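Numbering-wise, the sequence shown is residues 1 to 212 according to the UniProt record's numbering.
For every residue, glycine included, the Cβ atom is placed at its ideal position computed from N, Cα and C.
Predicted model only: the values in this text are computed from it and were never measured.
Right, one structure below, let's go through it.
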Amino acid sequence: MGLLGHFLKGPHKKTTLLLTRAGPVENPHHVLYSHPGLLLAEEGRKALLGLLPLLRRHPVAHVYAADSLAEAEAARLLAEALGVPHTLLPELRERSWGAWEGLSFAEVEARFPEEVAAWLRDEAGFAPPGGESVREAWERGRRAVRGLLRRHLGQALLVVGNCTLNRAALSLALPLPPEEGLRLEQDYARLSVVDFYGEEGVVKALNLDPCP
1 MGLLGHFLKG PHKKTTLLLT RAGPVENPHH VLYSHPGLLL AEEGRKALLG
51 LLPLLRRHPV AHVYAADSLA EAEAARLLAE ALGVPHTLLP ELRERSWGAW
101 EGLSFAEVEA RFPEEVAAWL RDEAGFAPPG GESVREAWER GRRAVRGLLR
151 RHLGQALLVV GNCTLNRAAL SLALPLPPEE GLRLEQDYAR LSVVDFYGEE
201 GVVKALNLDP CP
């Protein structure tokens, strides 16, 4: 129908999706990680709690996150500070890196040259050995977030995500295919805001910094 069609049909309840990314994490060797992932660094805890002035501008009803280490801790910290419940969902996890989990990019290039070549040819469709492609994770994340929006129709909800999940969620409002996802930077501990009217979304803000 498109956004205009929804408005012409009359007023719709606004559902506000708030997105942040859990981190910075403890990752001194810059390895690839998904689940169970890495722990939040102290810097990450402080940065996420620094979002509270921005988050309190919205009547957050619930906080959601993946059941991975950084996301789970971040969701607990923010939910407790906001005084709302939180729920951990496996379907909100970062893409699985399979056999590449815990390796640096340099190690992956050295050990899996043929696979890296295939990755370069098809960035969205390629899956590491035993892992998940961006396209697979993207569709999983879109389904999960769409379900949360329906559950919280007319409310505001916070999703503590990761770079893949957040981009997939933003694609519910923007015509953004997985292979173009990297064009939307998702910084740690920043806030993006999307208002949904029915199935149609309007991006209000990207990567808000509480202390610019």
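Buried or exposed (CB count within 10 angstroms, at least 16 for buried), residue i
| i | result |
| --- | --- |
| residue 16 | buried |
| residue 153 | exposed |
| residue 128 | buried |
| residue 157 | buried |
| residue 202 | exposed |
| residue 44 | buried |
| residue 95 | buried |
| residue 149 | buried |
| residue 140 | buried |
| residue 71 | buried |
| residue 74 | buried |
C-alpha distance - residue i paired with residue j, whole-angstrom precision
| i | j | result |
| --- | --- | --- |
| residue 167 | residue 21 | 11 Å |
| residue 214 | residue 191 | Residue numbering for the chain in the displayed model covers 1 to 212; residue 214 lies beyond these limits and cannot be assessed. |
| residue 151 | residue 185 | 27 Å |
| residue 112 | residue 55 | 42 Å |
| residue 23 | residue 48 | 8 Å |
| residue 115 | residue 99 | 11 Å |
| residue 188 | residue 46 | 11 Å |
| residue 65 | residue 161 | 6 Å |
| residue 39 | residue 26 | 6 Å |
| residue 171 | residue 142 | 8 Å |
| residue 122 | residue 204 | 31 Å |
Sub-8 Å separation of residue i and residue j beta-carbons
| i | j | result |
| --- | --- | --- |
| residue 195 | residue 14 | yes |
| residue 89 | residue 144 | yes |
| residue 37 | residue 78 | no |
| residue 169 | residue 159 | yes |
| residue 93 | residue 30 | no |
| residue 177 | residue 134 | no |
| residue 76 | residue 62 | no |
| residue 50 | residue 211 | yes |
| residue 18 | residue 58 | yes |
| residue 131 | residue 97 | yes |
Bridge-paired residues (DSSP) for residue i
| i | result |
| --- | --- |
| residue 21 | 161 |
| residue 208 | 191 |
| residue 64 | 87, 159 |
| residue 104 | 31 |
| residue 55 | In DSSP, residue 55 forms no bridge with anything. |
Cutoff 6 Å; reference residue i; Cβ partners in own chain excluding five residues on either side
| i | result |
| --- | --- |
| residue 125 | 133, 135 |
| residue 82 | 60 |
| residue 119 | 126 |
| residue 215 | Because the chain in this structure spans residues 1 to 212, residue 215 falls outside the shown range and cannot be described. |
Contact set for residue i: own chain, Cβ-Cβ below 8 Å, skip 5 residues either direction
| i | result |
| --- | --- |
| residue 102 | 31, 32, 33 |
Sequence-distant residues of its chain with Cβ nearer than 7 Å to residue i (five each side left out)
| i | result |
| --- | --- |
| residue 84 | 60, 61, 62, 63 |
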